[in-house]
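Reviewing the structure listed below.
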Amino acid sequence: MVLTGAVGWDATDSVTVLGDARLQFILPRTVEDSDYDLGNGTYTMVLGLVGAHVQLRFGRGEGL
């Protein structure tokens, strides 16, 4: 499962600041008797990311 969120803010007419966050995880998986896994037990995994970005716009914006 993946949860994602983002937000943006126009600092000026030509600069935008963006931020995002992502959280990815798997549901717990229980292995009790397996010949192929190295260990039996409950497996879980959570990955997280937080990022910030700046977007710059050049020119007068005419003719776009």
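FYI, the numbering for the sequence shown is -13 to 50, going by our numbering. For every residue, glycine included, the Cβ atom is placed at its ideal position computed from N, Cα and C. This structure is a prediction, so every number in the text was calculated from the model and none was measured.
* Give the straight-line distance between the Cα atoms of Arg46 and Val36, rounded to the nearest whole angstrom. => 32 Å
* Compare the Cα-Cα distances from Val32 to each of Gly5, Pro14, Gly(-9), Thr(-2) and report the closest residue. => Pro14
* One or two residues paired with Gly5 in a DSSP bridge -> Val(-7), Ala38
* Indicate the three-state DSSP secondary structure (helix, strand or coil) for Met(-13) in the structure shown. => Met(-13): coil per DSSP, three-state reduction.
* To do: Pull up the DSSP beta-bridge partners for Thr16, would you.
  => Thr28
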